[in-house]
């Protein structure tokens, strides 16, 4: 889907400004000039969550609900959602703040969690999944399937892929990000080369209630492949040559003088 690629180019231009925000939360906000009242509002969200399920802790950074980075606590490093953000993921200036957030979140779970057991909603409905391609579909050309999961709370889930009912190995990590209203969304990516008779399944299991959601993908509205384009060009060329030959023969035939009796 073109949406994924266009997001990368737009969000990359905004990172230089957004990167300063987590380091300046203590700075009082100045009153906005009147001429800015009509400008569109945007939201940069730095969210840390922890829970008893898996993942036990997570950190996501989003811009207008588009995920920029997640955080891999096992390696203490940011993970960019798109390759264009790789250089920005190396910034470590807020490492101490992230360590503090992690410890605070775990302390909340340990000390306050038992007191609130049974008083906090365990789940908010079932996750909803849909599958689409990252780029326009062309048979025989590498592409990426995206499984988008919404209506997710809490963010305890596992994502598996199947190709023609056979499990797919080597699937990358699932990216989870926070949204407004204490809900989450998730993305899972699968690199593949599409063929006309493909059937892919994205299987999402919500671990909190063991509910499983299935989303299927089959090829639709594929662009012509290079082979088909070459065949069509060849046919058009042959028909063009044939038309020239037939036209030449007809011209010669009708130019012949009529023989009189």
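Numbering (mature numbering (1 follows the signal peptide of the UniProt record, and there is no 0)), first residue to last: -26 to -1, 1 to 235. Idealized CB from N, CA, C, for every residue including glycine.
Closest by C-alpha distance to residue i, when choosing among the options
{"i": "residue 29", "options": "114, 180, 41 and 195", "result": "180"}
{"i": "residue 20", "options": "14, 37 and 31", "result": "37"}
{"i": "residue 122", "options": "110, 101 and 116", "result": "101"}
{"i": "residue 149", "options": "161, 14, 26 and 106", "result": "161"}
{"i": "residue 33", "options": "26, 117, 108 and 52", "result": "52"}
{"i": "residue 159", "options": "105, 79, 124 and 89", "result": "124"}
{"i": "residue 108", "options": "134, 55 and 155", "result": "55"}
{"i": "residue 153", "options": "126, 105 and 133", "result": "126"}
{"i": "residue 72", "options": "35, 87, 155 and 118", "result": "35"}
Helix, strand or coil at residue i [DSSP, three-state]
{"i": "residue 218", "result": "helix"}
{"i": "residue 236", "result": "Given a span of -26 to 235 for the chain in the structure shown, any question on residue 236 remains unanswerable."}
{"i": "residue 86", "result": "coil"}
{"i": "residue 32", "result": "strand"}
{"i": "residue 74", "result": "helix"}
{"i": "residue 64", "result": "helix"}
{"i": "residue -4", "result": "Note on residue -4: pLDDT 44, under 50, position unreliable in the model; the coordinate value appears next. Three-state result, residue -4: helix."}
{"i": "residue 80", "result": "helix"}
{"i": "residue 24", "result": "strand"}
Supposed contact pair residue j and residue i - C-beta distance, whole angstroms, cut 8 Å
{"i": "residue 193", "j": "residue 168", "result": "6 Å"}
{"i": "residue 236", "j": "residue 128", "result": "The structure shown has nothing for residue 236, since the chain only spans -26 to 235."}
Nearest-angstrom Cα separation, counted from residue j out to residue i
{"i": "residue 195", "j": "residue 137", "result": "20 Å"}
{"i": "residue 186", "j": "residue 177", "result": "7 Å"}
{"i": "residue -4", "j": "residue 157", "result": "Because residue -4 carries a pLDDT of 44, less than 50, the predicted location of this residue cannot be relied on, and the following value inherits that uncertainty. The straight-line gap from Cα to Cα measures roughly 25 Å."}
{"i": "residue 50", "j": "residue 31", "result": "12 Å"}
{"i": "residue 74", "j": "residue 164", "result": "34 Å"}
{"i": "residue 173", "j": "residue 188", "result": "12 Å"}
{"i": "residue 130", "j": "residue 171", "result": "33 Å"}
{"i": "residue 42", "j": "residue 140", "result": "32 Å"}
{"i": "residue 110", "j": "residue 190", "result": "17 Å"}
{"i": "residue 91", "j": "residue 166", "result": "43 Å"}
{"i": "residue 23", "j": "residue 103", "result": "22 Å"}
{"i": "residue 76", "j": "residue 66", "result": "15 Å"}
{"i": "residue 246", "j": "residue 151", "result": "Given that the chain is displayed from residue -26 to residue 235, the structure contains no residue 246 and the question cannot be resolved."}
{"i": "residue 81", "j": "residue 46", "result": "19 Å"}
{"i": "residue 70", "j": "residue 89", "result": "29 Å"}
{"i": "residue 68", "j": "residue 62", "result": "13 Å"}
{"i": "residue 133", "j": "residue 44", "result": "17 Å"}
{"i": "residue 182", "j": "residue 99", "result": "11 Å"}
{"i": "residue 59", "j": "residue 218", "result": "56 Å"}
{"i": "residue 112", "j": "residue 57", "result": "22 Å"}
{"i": "residue 106", "j": "residue 85", "result": "42 Å"}
{"i": "residue 145", "j": "residue 175", "result": "13 Å"}
{"i": "residue 142", "j": "residue 184", "result": "21 Å"}
{"i": "residue 79", "j": "residue 39", "result": "22 Å"}
{"i": "residue 64", "j": "residue 48", "result": "15 Å"}
{"i": "residue 114", "j": "residue 14", "result": "42 Å"}
key: Contained beta strand (DSSP E) runs [length at least 3] in the segment 129 to 160, N- to C-terminal order   = 131 to 137 and 149 to 153
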